[in-house]
Amino acid sequence: SLASMLVQNGDGIEALGRLQQLLVGGEAFPPALAARLQELVPGAIVNMYGPTETTIWSSTHRLAGQTETIPIGRPIANTTLYILDESMNPVPVGTPGELYIGGDGVTDGYLDRPELTAERFVPDPFGADGGRLYRTGDLVRYRADGVVEFLGRVDHQVKIRGYRIEIGEIESELGRHADVSENVVVAVDGALEGQRELLAYVVGTPGAALTSDGLRGHLGARLPDFMIPGRFEILDALPRTPNGKIDRARLPAPGASRAVRSVDAVAARDELERVLVDIWERDLGTRPIGVQDNFFELGGHSLLALKVFGQVEAELGVRLPLATLFQAPTVNLLAAALREEKPELANLAPRVVEASVGVPEPAEAPAAKRRGRALVPIKPTGSRTPLFLVHAHGGHVFFYTDLAARLDPDQPFYALQAYGVDGDCEPLETFEEMAAGYLEEIRTVQQTGPYRLGGDCLGGVVAYEMAQRLRAAGERVDIVAMFDSFHPSHRPYIPDRIYNVVHLFHMFASLHIPNLLRLPWSEKVKYFKTKGRRALEQIGNHAGVRRHGESGASPIAGTQAALSRAFDRYEPRPYDGEVVLFKAERQPFGIRNDPHLGWRGIPSALEVVEIPNYFQCGVLEPAVAVLAQELNARLAALPEPEARPRANGAVKPRP
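Taking my numbering, the leading residue of the sequence shown gets 236, the next gets one more, and so forth.
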């Protein structure tokens, strides 16, 4: 998905032209995309394959010229690939079979899911006693040269936007809807090349009036966002095989059935709205789209937002912040935002648009632009005291959408993106400056306390500084919620560049020392020479890797570099208030083992809540379900004021 975006973006194409090596993985590699990347990337391009259950990568294939298919290649070190039939017998070269993976990368199984573990992790009939294989469900075959070629899935498990999904789980939940008689969910080609999306075919009960909003809401209460189909199609009946089974091959093409809509699509009312509808229909891959249809309900996400806004800039000459979509998620609202930014678009004529395609107006220098806007109203409705969360190191706030969907329906939620991340102004260099700017914008929504603040990663530290300033001004701050936020002094206990080396050394040692211990003495020296030389080469290559965000020409890279510098120089003062630290159960290697992440004794009240996930993954699916539950509980326990002053001076009484 990301590679597809890069080849369609001017900045991405420029960046690709400087790469010495590009690793592509996570999805099937479309040959057309591979051919385009080979035109743009001067260095090597490697297709990486491997499920999470075998610790990420299991095989690789270096591209060499154009081919009709992109193989997944050969196994990496200490990994074995088997292509087996239904009886777990090896298949001949060229014959399709299911891929099984063995070796040191195979994990122990799924946490608290013994039945699924037994199904997917099976005894290795070809290796040493006690060995296991992971059954991938991927359909593959050997080529004559021994390279493995990916063909598809042997079951109905699919991968959508990086998440591996069991289709049956979605069908089961959809079948629980009172007005759904039967349904089938399939993965189809999405709007982005190489990306798949979910499509649900639904048969209603007699007399049922199904709507896309109703079906989406039903699933949204039970499943994470990435498992909710982007489109729904209603059928009078599902196609069947002669023996009565559902015939997935005969399902109609998307759009061939009667559409499932809550309301009829509202047509574009002027040329600007028509241009936007065309862009949305083209990039979202669905039609018809009305001017009141919601971008996110149509299946839009951050990658598609980048594509849509890139087309808007190319055709209309206006660059808007990505966060505009939270405030203007429909065509008519986005058109209004564009007219406000560029008033002459109000009189847009068809020929003007056609002439301007691909020729955006010159952008002003950042210094000549207005100061950027940080406040993003992700969910501004609700009667409770608003929650304000600060961006992480990336600067943008799209990653909060999963959390927003799981917050209490009555909880208003605003996010704060970093100044400069959209290229509309220079980034700020200190957390003190950021806190002052963010508070100024927050007060346009909420003039007085109590305030409820937080943030992910270094965003939690900025929120801490904001709370300090509010308390110093005599305001009440109920809570500062930090998600995996290290105290600035809680750094890797070795310099950054040495940290890279030690991290790799630790990784290689963890992998190879157990193997050395199992080998007879006659083979230990040979193994050490072979693996040790390779390990030293890779460690040497990484020894000079600069710190993430140290430099870069793009607005995002420049903002990240400024955020890193600001974090390094910030010194938190003691805080007389409550801080809740939501801490990942699994922390990165190289950081001191401190359950408080360096914050103990600094705030007067510190609560640590451990979330079962890896570092900085708490705001994403699936761990966000636990985080949201814990956060909702703490927000619900806070007392609400009898009346809350609004930005315009009015007072909203409590119901």
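Backbone N, C-alpha and C define an ideal beta-carbon position, used for all residues, glycine too.
These numbers were taken from a predicted model, which means no experiment stands behind them.
Alpha-carbon spacing of Pro277 relative to Gly252, whole angstroms:
Between Pro277 and Gly252, the C-alpha separation is close to 6 Å.
Exposed or buried, what is Pro790 when buried is set at 16 or more other beta-carbons lying within 10 Å of its beta-carbon?
The residue is buried, with at least 16 neighbouring Cβ atoms inside 10 Å.
Given 8 Å as the limit, is there contact between the stretch 680 to 688 and the stretch 652 to 672, that is, 3 or more CB pairs closer than that?
no
Start and end residues, beta strand (DSSP E) containing Gly690
Tyr686 to Asp691
Compute the minimum distance between the beta carbon of Gly630 and the heavy atoms of the ligand NAP, and state whether it is under 7 Å.
Inclusion of the ligand NAP in the displayed structure is not the case, the ligand content being empty and no account of it being possible.
Give the straight-line distance between the Cα atoms of Gly833 and Ser724, rounded to the nearest whole angstrom.
7 Å
Would you give the residue range spanned by the alpha helix (DSSP H) that Gly452 belongs to?
Ser447 to Gly455
Using alpha carbons as the reference points, say which of Ala650, Pro621, Phe634 and Val656 lies closest to Asp643.
Pro621
Would DSSP call Glu384 helix, strand or coil?
Note: Glu384 maps to strand in three-state DSSP.
Under the rule that 16 or more other beta-carbon atoms within 10 Å means buried, what is Arg370, buried or exposed?
buried
Distance check for Pro306 and Gly338, CA to CA, integer angstroms please.
21 Å
Could you tell me the boundaries of the alpha helix (DSSP H) in which Met240 lies?
Leu237 to Leu241
Ignore the nearest five residues each way along the sequence and tell me which others in Gly812's own chain have a CB closer than 8 Å to its CB.
Within the same chain, and ignoring the five residues on either side of Gly812 in sequence, the residues whose Cβ sits closer than 8 Å to its Cβ are Ala702, Arg706, Val712, Val715, Pro838, Ser839 and Ala840.
Please go through the same chain and pick out, in chain order, the residues whose beta-carbon is closer than 7 Å to the beta-carbon of Leu386, but skip the five residues on each side of it.
Pro331, Leu374, Val375 and Arg376
Inter-residue spacing [alpha-carbon to alpha-carbon] between Tyr317 and Gln256:
Rounded to the nearest angstrom, the two C-alpha atoms are 28 Å apart.
From what residue to what residue does the alpha helix (DSSP H) around Arg641 run?
Thr636 to Arg641
For Ile481, the nearest candidate out of Thr315, Glu700, Val697 and Val438 (CA to CA):
Residue Val438 is the option with its Cα nearest to Ile481.
Is Cys692 close to chain B, meaning its C-beta is less than 8 Å from at least one C-beta of that chain?
The structure shown contains no chain B, having only a single protein chain.
Going by C-alpha to C-alpha distance, which of Ala413, Val382 and Glu432 sits closest to Ile402?
Glu432
Neighbourhood of Leu258 by C-beta, 6 Å cutoff - its chain only, sequence neighbours within 5 removed
Val281 and Met283
Taking Cβ to Cβ, would you say His631 is nearer than 8 Å to Gln652?
yes
Do Val357 and Arg367 have their beta-carbon atoms positioned less than 8 Å apart in this structure?
Judged by their CB atoms, Arg367 and Val357 are nearer to each other than the 8 Å cut-off.
What residue range is occupied by the uninterrupted beta strand (DSSP E) comprising Ile280?
Ala279 to Tyr284
Please report the residue range of the alpha helix (DSSP H) in which Tyr673 lies.
Phe666 to Ile677
Kindly indicate which residue of Asp380, Ala413 and Ile463 has the alpha-carbon position closest to the one of Ala443.
Ala413
Report the three-state DSSP secondary structure of Gln681 (helix, strand or coil).
The DSSP-derived three-state label of Gln681 is strand.
How many Å lie between Thr352 and Thr342 at the Cα?
10 Å
Could you spell out where the alpha helix (DSSP H) holding Ser799 opens and where it closes?
Pro790 to Arg804
The alpha helix (DSSP H) enclosing Pro358, as first and last residue numbers:
That residue, Pro358, is in no alpha helix (DSSP H); its beta strand (DSSP E) goes Phe356 to Pro358.
Residues of its chain near Glu579, where Cβ-Cβ distance is below 6 Å and the 5 sequence neighbours each way are ignored
none
Please report the straight-line C-alpha distance between Leu816 and Leu560, rounded to a whole angstrom.
30 Å
Thinking just about the alpha-carbon of each residue, which of Glu333, Asn313, Gly308 and Trp292 is nearest to the one in Asp320?
Shortest Cα-Cα distance from Asp320 to any of Glu333, Asn313, Gly308 and Trp292 involves Glu333.
Whole angstroms is fine: what's the gap from Leu298's alpha carbon to Phe531's?
36 Å
From Asp719 to Ser537, what distance separates their C-alpha atoms?
23 Å
How big is the Cα-Cα spacing for Val927 and Asp424?
In this structure the chain extends from 236 to 890, so residue 927 is not present and cannot be described.
Near Arg388, what residues of its chain come up, given a Cβ to Cβ distance below 7 Å and the 5 sequence neighbours on each side ignored?
Gly372, Asp373 and Leu374
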